[in-house]
Every structure is written in structure tokens, then in C-alpha cells.
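If you read the sequences in order, they're chains A and B. Residue 102 in this note's numbering is what sits at position 102 of the first sequence, and the numbering runs on without skipping anything. Residue 59 in this note's numbering is what sits at position 59 of the second sequence, and the numbering runs on without skipping anything. For each residue, glycine too, the CB sits at the ideal point set by N, CA and C. All values derive from a computational prediction rather than experimental measurement.
There are 2 protein chains.
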Amino acid sequence: MNNNFINNSFKLANIFLLSIVSVVNIPAQPPQQPGFSTTASPEISPDNKVTFRLYSKEAEVITVSGDWSAPGASEQLVKNDTGLWKVTLGPLKPEYYNYYFSVDGIRTIDPSNPLTVRDGARYASVLVVPGRESELYTVKNIPHGNLTKEWYNSPTLKMDRRMYVYTPAVYNKNQDKYPVLYLHHGGGGDEDAWATMGRAVQIADNLIVQGIAKPMIIVMPNGNANEVAAITEVQRATRSQNAIPPPLATGGGYEASIVNDIIPYIEANYRVLASQEYRAIAGLSMGGGQTFNIGLRNTDKFAWIGIFSSGMFGGVQGGYGAFDPEKQIPGLLTKSGAFNQSLKLFYITCGEQDPRYEYTQKAVNTFKENKLDVIFKGFPGSHEWKVWRLSLTDFLSRLFK
Amino acid sequence: MNNNFINNSFKLANIFLLSIVSVVNIPAQPPQQPGFSTTASPEISPDNKVTFRLYSKEAEVITVSGDWSAPGASEQLVKNDTGLWKVTLGPLKPEYYNYYFSVDGIRTIDPSNPLTVRDGARYASVLVVPGRESELYTVKNIPHGNLTKEWYNSPTLKMDRRMYVYTPAVYNKNQDKYPVLYLHHGGGGDEDAWATMGRAVQIADNLIVQGIAKPMIIVMPNGNANEVAAITEVQRATRSQNAIPPPLATGGGYEASIVNDIIPYIEANYRVLASQEYRAIAGLSMGGGQTFNIGLRNTDKFAWIGIFSSGMFGGVQGGYGAFDPEKQIPGLLTKSGAFNQSLKLFYITCGEQDPRYEYTQKAVNTFKENKLDVIFKGFPGSHEWKVWRLSLTDFLSRLFK
Numbered sequence: 001m002n003n004n005f006i007n008n009s010f011k012l013a014n015i016f017l018l019s020i021v022s023v024v025n026i027p028a029q030p031p032q033q034p035g036f037s038t039t040a041s042p043e044i045s046p047d048n049k050v051t052f053r054l055y056s057k058e059a060e061v062i063t064v065s066g067d068w069s070a071p072g073a074s075e076q077l078v079k080n081d082t083g084l085w086k087v088t089l090g091p092l093k094p095e096y097y098n099y100y101f102s103v104d105g106i107r108t109i110d111p112s113n114p115l116t117v118r119d120g121a122r123y124a125s126v127l128v129v130p131g132r133e134s135e136l137y138t139v140k141n142i143p144h145g146n147l148t149k150e151w152y153n154s155p156t157l158k159m160d161r162r163m164y165v166y167t168p169a170v171y172n173k174n175q176d177k178y179p180v181l182y183l184h185h186g187g188g189g190d191e192d193a194w195a196t197m198g199r200a201v202q203i204a205d206n207l208i209v210q211g212i213a214k215p216m217i218i219v220m221p222n223g224n225a226n227e228v229a230a231i232t233e234v235q236r237a238t239r240s241q242n243a244i245p246p247p248l249a250t251g252g253g254y255e256a257s258i259v260n261d262i263i264p265y266i267e268a269n270y271r272v273l274a275s276q277e278y279r280a281i282a283g284l285s286m287g288g289g290q291t292f293n294i295g296l297r298n299t300d301k302f303a304w305i306g307i308f309s310s311g312m313f314g315g316v317q318g319g320y321g322a323f324d325p326e327k328q329i330p331g332l333l334t335k336s337g338a339f340n341q342s343l344k345l346f347y348i349t350c351g352e353q354d355p356r357y358e359y360t361q362k363a364v365n366t367f368k369e370n371k372l373d374v375i376f377k378g379f380p381g382s383h384e385w386k387v388w389r390l391s392l393t394d395f396l397s398r399l400f401k
Numbered sequence: 001m002n003n004n005f006i007n008n009s010f011k012l013a014n015i016f017l018l019s020i021v022s023v024v025n026i027p028a029q030p031p032q033q034p035g036f037s038t039t040a041s042p043e044i045s046p047d048n049k050v051t052f053r054l055y056s057k058e059a060e061v062i063t064v065s066g067d068w069s070a071p072g073a074s075e076q077l078v079k080n081d082t083g084l085w086k087v088t089l090g091p092l093k094p095e096y097y098n099y100y101f102s103v104d105g106i107r108t109i110d111p112s113n114p115l116t117v118r119d120g121a122r123y124a125s126v127l128v129v130p131g132r133e134s135e136l137y138t139v140k141n142i143p144h145g146n147l148t149k150e151w152y153n154s155p156t157l158k159m160d161r162r163m164y165v166y167t168p169a170v171y172n173k174n175q176d177k178y179p180v181l182y183l184h185h186g187g188g189g190d191e192d193a194w195a196t197m198g199r200a201v202q203i204a205d206n207l208i209v210q211g212i213a214k215p216m217i218i219v220m221p222n223g224n225a226n227e228v229a230a231i232t233e234v235q236r237a238t239r240s241q242n243a244i245p246p247p248l249a250t251g252g253g254y255e256a257s258i259v260n261d262i263i264p265y266i267e268a269n270y271r272v273l274a275s276q277e278y279r280a281i282a283g284l285s286m287g288g289g290q291t292f293n294i295g296l297r298n299t300d301k302f303a304w305i306g307i308f309s310s311g312m313f314g315g316v317q318g319g320y321g322a323f324d325p326e327k328q329i330p331g332l333l334t335k336s337g338a339f340n341q342s343l344k345l346f347y348i349t350c351g352e353q354d355p356r357y358e359y360t361q362k363a364v365n366t367f368k369e370n371k372l373d374v375i376f377k378g379f380p381g382s383h384e385w386k387v388w389r390l391s392l393t394d395f396l397s398r399l400f401k
């Protein structure tokens, strides 16, 4: 991992003293509102042990599952004679975790915790264990950029569509033009994902204020070519709100639309440095595959390319057909010098425990053997947001320099 | 209720045919992912009966509660031998409802429904029963305005704070200047409330496209003077994420800050018609009281005032002291002619089943006896969003005309 980032994060922690640091003792309380409990959950002790609490006289089995352990793993809560269920886990490393309860087999968010996050159609509660590693994901007392939920017309996809646009804090303070990163979610995600699970706004705000990242605009489109907007914005045309969604059309349609529709819209409506050397593109998983194709097929438009945890290099078991870089992007291996000349950064990451790691490494080795300049980084974790937040952090710190 | 609004809503329903109209038959399915069910819930039949479903072999009692009935009321779900719990309610009138399950006494959202909403620190699932009354709250295939989560400096409150800003669809299409409505949430709410529970963005988009409302900017500040932003944006400074919040300071601090900080910020950063006749202020409940004081004490700044379901006229039982309009706003009764001359609209609403209704009527009668021009409207409902969405709809249709 980038040592620069680590050192500067220490600096951040020292400079900005406000944060989640004081410890308040709130005793577990009996239900205050008829029928439902409000109690201290989650509660984080000074040594980062975390206590989850929940009230029910009738439930038989309550468990908690979180991304501090493997998917599907769970810990049982234990009930006392007042009906208070409780478990203490950890110590947990500072991180921005998702978790949920299972109450007699029904998945629930923590009713005492106001922080939640949506992953596709499902909700989880959020646990922020404070410390250096989660510092960058937290709203600090610094200048903040704005986030706009923005509609644009896509002639390519024949609809008005929604995207999110982040402008850095300084954008409203001067008349300068700024570089742009086009940042893509993964399969099952939408335009909301990077700003919520990905903490992209907080990461950008915190890196920019420290001078680690350049002030930039970050555009977060919806990469599902059949969607107008996230399912929470535009309900599907059915009387069953959770109707099975149609198969995702993630092919050429979206890839053409970013070049034909999104970039022109952004450059007409924002103060943007509108040239190749000031345009970056990145994405995770499915969005990493889109980025690979869009970025490398349009090196006249993008100089900075970031691919996080893509399955396209062979996926989890050498799947997705044999990955043939030269077939995918003609000249990528045979004329690598031309790509090296066009691109300022060709950057690939993967979680070190992600089954995609092995095939990604193979692809990277092939690129290197063919003298294609590439930077490859592994981050601890599997196919999960922890890895993508670190990937974004490191990628942002390299852009437009 | 405004007949104009009703007639035009019929028009809307006819003009825009897309919407939630087709019926898809999705059978109740057994759990597809290990441990958790995904099934059709809620499912709305063509006659607007609504079926809720949930899987649990172990649960003892599961109920559903929604704002289609009185607070605290609930209906039991019944289990079959596969562990599928089910209840069919209604027919329910077209509306944008909130609901939650109780599983053995634990409040949960519907795990099969991707639509949720936050009310203060609590989440509920959302049920949209399609039809004329919920039409205006739905994202239609029309030009959409943008919503920006925006940070501004408040010298008055000595912090950077967050608000939401809606710009109408036409804003990015020309260089015109637009009027502004400053719209306030209630107690327990924050800058997020009108854009989520209040459906303010959809109401504005739909009314503007029909020509019922003028294109306008809508600013949704955080009216809690002690808050930087919603609890979901800035976690409170504690290791218990749900620590009991400090008492809300909703007095003079916020009221001074809108005039000193927010209006100047908006007028410096947006293309705004920056004069009294193009400024409106409104709010619900606590925000209605703020609006009463801010609006009537600054008639040089605001020409349009909307107060929805305020308790300040005597509250639920003639509380909040004896309401003395002349003491609250000197001259309001004795020099009502001056107020009539300054204001283009002094508009008050309340739910007809809200215990505040009686004292609001009394205050309105006092205003009228003193020849203060006021429009008072009752809407069916108690102290709830259904009333505030209708209040906003009717208020928007009267502004800037």
C-alpha cells in the first residue's frame, strides 16, 4: 500500500481533532416507546470491542453478521431475563463495516442504529470503528464538496438518465476549470453505490484538503444501460415493487453513451478541463470491465485508467472465456508503445483474497511481458468495498499529476 | 382541497402513461439465498389490495403496521407450513405509505422491499399504491430537476452546514433567474426530510411540467441550529452511534442564520431573482413555527409564507402558552393592513384529524377578525406526511403568480 497515503492519513488524524473519539456511557435501557426498544447498539469500547444489543422476549435465535468476517458467518446473541439480547465482538480493526441481524431467520437492520446502507436491493446497518483506517471515510470539519443527483439526456440509450456529480469544495470559490474522473459501480450496483458504500465523497474531500489528491470533479454514472436510475428512484413498472429485474444490458450501449452523451453533457454544464490529459476513468468489478473496454478503446479521450477487481481477466476460475488482450483491444500487446505514449496511468487493483486475484496477476504479467506500462496493487480483502475504497484512495492520489 | 390541483392531476395521469400500471404475477417463492427469503412483498393487486409476505420457520408473532391506519395499530401475518407468513390488507387508497414489520417484538423493514425511508433515526419500508393521489410523488418520464447536497458557511452558527438545493429541469437549459422557496422540516427531521418523505422533488417536477407551478429553486436547510448535517452524514461525537442527541436548539440561532447566511449564499451561487416578491418561506410543524417567526419578522425579505401543521397556535391542547399573535409579531393584528400590503400570500394548513387543528382554526379566526389576509386549508389526515405533501402541492401551485 502507498506509504504516502498512510503517512498522510496519520497527518489527517492529527490535524483534525474532531471525530468519533469521546466515549459516552449509555446503559442498555428497557424499551422507551411502546413495543420497540431503543438501546445502545452498536457500542464501541475504547479498545474497539463492539457490543450489539436488541430487545425481544419472544425471539428464539438472534445472530449478527458483518463484513468483519467471511460472508455467511454469524455470531449468536445471548438473551438475559429482561429480554435483552447481547453479544460483544472484537476488538475490530478501524473500518467502515456493514452488518445485519438475523431474527428467527429474518434479515433485519439494527433498529437502534440510524446508519444504514443499501447494496442493490438489500439494506445493512453501518458500523464505523474509529481510527486511522476509517478516518478518510468520515465527514471531518474541513471544506466539503457538493454532490448533485443530476439528470442528463442520453440520445444513445434513448432516455433521460440519472448520475451523481461531485464537485470539490473549491469549485464554488473560483472560476477555474477542473479535471474529471468518470467512476463506475459494479454489477448489482447503480449511480448511488460509490457515494454511499464507496465513501467517494469523503475520500475525495479528505485527500484534497491534504493536497494528496488534486481538486477534481467525479462523475458517477449508472452503468446499467437498461436503467433510468437506481431502483430507489424509479420503481420498476410493476405492482410488485420487488419484481425480478430484467437482465442487465451492460454491453455496448453504456460504453457508447459515456463517450457520446455523458462527457459532452459534463463538459457543457461544468467548468471542466476538456482534454484527454484531464480525463480519467475507473470502475470496480463489472465497472472495471467497462473501464477496460471504454478506456483502452478511447485513448484519445482518457489518459488515466483504473480497473478495480475486474473479472474480465479470467474471473474466479479462468472463466469468461480465455482472456485475449489482443483480441479485446487490438494492438494492446503488439503496439504497447503507442498505449504507453497515450496513457499517463494504466492502473489495476484486486483484493488479495479475491478469487479474481490470480487471473488478474496473470493478465498483468502478460501486459508487462509485452512492455505495456501497468501498475498493479493488491489490497487486503476479498471482492468487497474495503478493497475498492482503498483502491479509490490510492488511485485518486495518483491522478492529474 | 384545490379543485385546480385535482383536475390537473387527472390531466397528469392521462398525459404520462408510463407508470406503475402493469401487473406481474410473481408467485411467493421459497428462500433463494442461504438463510434469507426473497419473495414478492409488498404485492399490489389490481383492486389495490396489498399482500405482505415474509419467511420464518421460528418466529412466533409477526405483525405489519403502516400509516394507512392509526399509529400503533397492527395486523397479524399468518404462517403456513412452509414458514411463509402472509397477510392481505385493503383495498388501500393510492398513497405513498410507510410501514414496518414487528418480528417477535423487533421492528424491521421488509427484507424483500428495496424502498425505504428514514424518519429521524428510524427506518420504514415504503409502499406506493399507484393511482391519482400518489401520481405526483412518482418519478415520471418528464424533464427532471437536480438535487444538490450542498455545504455553506454559517458565520451566525459558526460552522459549515449542509442543505439540499433543488433546481428545476429548465435551470440548466437557459440563463434565466428563478424565484426561491426556503422549505423547512419538522422536529426530529433534518435537511433530508422533504426530499425523501416529503417527495418535494417529484411534486415540483410534476407540477412544473404541467404549468401548475412556476419553475423555482427550492432550498431545504437543516433547521436544527446545533446540527452540521443530518445524523446519517455526520455521526455524533461518540462511540455509541445512537447516543441520545443533545437537546435541539431551534431558537433564534437558526432564524438569524437563514437571513444572514443562507439567503446570501444562495443568491451568490445560483441564478436567483433576488427580491422580496420572488422569495417564499414554508415549513411543517416545528418548521412552521420557524416560518411564522422568520417570515412575519422579515416581510421585507419574504412575500410568500406557508405554515403547515404548526403547534405554535396552541398546539395539541392549547399548550405552548397562550398564543398571543400581537406579542409574537408586533403589529400583526393592529397594523394588519401593512402585512397585507407586504405579503402576496399568508397561507396556513393543518390536518383535519391533527389535534392542532382546533387551535390553528382559532388563530386563523383571530387573524381574519383583525382583517389580516390569510388562506387556511385543512387536508384529510393527522400530523403526518400525507398532509404535508398535499400542503406543499397546493402551496407550490400558488407561488410566484
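When DSSP states are grouped into helix, strand and coil, residue 231/A belongs to the coil group. The DSSP-derived three-state label of residue 277/B is helix.
Check the Cα spacing between residue 52/B and each of 88/B, 280/B, 209/B, 70/B: the tightest is with 88/B. Secondary structure at residue 289/A: helix, using DSSP grouped into helix, strand and coil.
For residue 122/A, the three-state secondary structure derived from DSSP is strand.
Take the alpha-carbon of residue 109/A and the one of residue 95/A: they are about 19 Å apart.
Relative to residue 90/B, the option among 47/B, 131/B, 101/B whose CA is nearest is 47/B.
Per DSSP, residue 160/A is one residue of the beta strand (DSSP E) stretching across 159-167. For residue 56/A, the closest of 218/A, 85/A, 374/A, 120/A by C-alpha to C-alpha distance is 85/A. The C-beta of residue 144/A comes closer than 8 Å to at least one C-beta of chain B. Flagged as an interface residue toward chain B: residue 56/A, by a C-beta distance shorter than 8 Å. Taking a Cβ-Cβ cut-off of 7 Å, the neighbours of residue 149/B in chain A comprise 146, 147, given in sequence order. For residue 327/B, the enclosing alpha helix (DSSP H) has its first and last residue at 325-328. Against chain A, a Cβ distance below 7 Å from residue 60/B picks out 58.
Note on geometry: alpha-carbon atoms of residue 140/B and residue 201/B lie some 11 Å from one another.
Per DSSP, reduced to three states, the secondary structure at residue 109/B is coil, with no helix or strand assignment. DSSP lists 63/A, 107/A as the beta-bridge partner residues of residue 102/A. Proximity of residue 192/A to chain B, defined by a Cβ-Cβ separation below 8 Å, is not satisfied. The Cβ-Cβ distance between residue 398/A and residue 203/A does not fall below 8 Å.
Take the alpha-carbon of residue 143/B and the one of residue 192/A: they are about 20 Å apart. Taking C-alpha positions only, residue 331/B is separated from residue 292/B by approximately 14 Å.
What residue 81/B touches in chain A, judged by beta-carbon distance under 9 Å, is nothing: the nearest beta carbon there is about 15 Å away.
Between residue 300/B and residue 159/B, the alpha-carbon positions lie close to 27 Å from each other. If you ignore the 5 residues before and after residue 208/B, its C-beta comes within less than 6 Å of the C-beta of 168, 215, all in its own chain and listed in chain order. Between the C-alpha atoms of residue 66/B and residue 173/B there is a straight-line separation of about 41 Å.
The beta carbon of residue 270/B sits no closer than 8 Å to any beta carbon of chain A.
At a cut-off of 8 Å between C-beta atoms, residue 282/B does not count as an interface residue with respect to chain A.
For residue 333/A, same chain residues with a beta-carbon under 8 Å away, outside a window of 5 residues either side, are 325, 326, 366, 367, 370, 372 in chain order. The three-state secondary structure of residue 282/B, taken from DSSP, is strand.
In the DSSP assignment, residue 385/B falls within the unbroken alpha helix (DSSP H) covering 385-396. Around the beta carbon of residue 45/A, fewer than 16 other beta carbons sit within 10 angstroms, so the residue counts as exposed.
If you compare the alpha carbons of 196/B, 148/B, 132/B, 395/B with that of residue 123/B, the shortest gap goes to 196/B. Under the criterion of beta carbons closer than 8 Å, residue 145/B and residue 164/B do not qualify as touching, at roughly 12 Å. A Cβ-Cβ contact shorter than 8 Å links residue 178/B with residue 217/B. A Cβ of chain A is located within less than 8 Å of the beta carbon of residue 104/B. Within the DSSP bridge table, the entry for residue 154/B names 159/B as partners.
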